[in-house]
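Peer 1: Under our numbering, the first residue of the sequence shown carries the number 388, and numbering increases by one thereafter. Mind having a look at this structure? Questions to follow.
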Amino acid sequence: MLEVGNGGMKNEEYITHYSIWAISKAPLLIGCDVRNATKETMDIIGNKEVIAVNQDPVGVQAKKVRMEGDLEVWSGPLSNYRTVVLLVNWSPSSIKSIPIAGKDVTLFIQQLLRKRGEHVPPEDSFEVARKVKEMYCYTCLDIVKEFNNHDREPSKYIKQWTGIKPKTGAPYSCDIGYERFLGPEVL
């Protein structure tokens, strides 16, 4: 049962607790008396984006994919070829960034392409993901708005990658979509 609003934690700790609970696809059972809940508590338990992640039809739990000291990165699949990423800082200090190397972003893009079923030869997939990161990725101010832009006008945003299979010399191609802005979001 969720502890949000029961006292004993800071607001940031409640947000972290609720976020991990949500990406773990655990039932969001409210453990506080909502009749007496503060506005901050209601904002946390009523966050529609977090609830949508929890209720996503794929229903697969996110996993901790990286841990470095007090810092954690969690990631899991969502519907429509999307991925949820949660960055957690367990340290009492306010670290402004979690050190993620360029290789981590490349591996994340490689994973997105695989999950979407793009037909990139396995022996070429890391190099393709690296080139996609370097040639097509960008940062955005509003990730929700960016998803909506891609969904509304895919032809404007989706790019095409073409390559030659190393073993056979046959040409192949794949679409480059959400990973264009999701890759840099890992940073």
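All residues carry an ideal CB built from backbone N, CA and C; glycine is no exception. The structure displayed is predicted, hence computed values, not measured ones.
Apply the 10 Å Cβ neighbour rule to R501 and answer buried if 16 or more other Cβ atoms are within range, or exposed otherwise.
Peer 2: Under this definition R501 is an exposed residue.
Peer 1: Just reading off the beta strand (DSSP E) that D430 is part of, what are its end residues?
Peer 2: Looking at the DSSP string, D430 is not in any beta strand (DSSP E); the run it does join, the alpha helix (DSSP H), is K426 to I432.
Peer 1: Would you identify the three-state DSSP class for D443, choosing helix, strand or coil?
Peer 2: Correct three-state label for D443: coil.
Peer 1: Quick one: using the 10 Å Cβ neighbour count with 16 as the cut-off for buried, is A449 buried or exposed?
Peer 2: Result: buried.
Peer 1: Run through the DSSP bridge pairs and tell me what Y559 is partnered with.
Peer 2: Per DSSP, G550.
Peer 1: At the level of alpha carbons, what is the spacing between P541 and A424?
Peer 2: Going by the C-alpha atoms only, they are around 42 angstroms apart.
Peer 1: One question on the structure: do W477 and I410 come within less than 8 angstroms of each other, judged by their Cβ atoms?
Peer 2: Contact flag unset, no.
Peer 1: What number of angstroms, rounded off, separates the C-alpha of N441 from the C-alpha of I417?
Peer 2: In a straight line, the C-alpha of N441 is about 14 angstroms away from that of I417.
Peer 1: With a cut-off of 8 angstroms on the beta carbons, I'd call I432 and Y405 a contact; round off their distance for me.
Peer 2: Contact holds; Cβ gap of about 7 angstroms.
Peer 1: Does DSSP put S466 in a helix, a strand or coil?
Peer 2: Coil.
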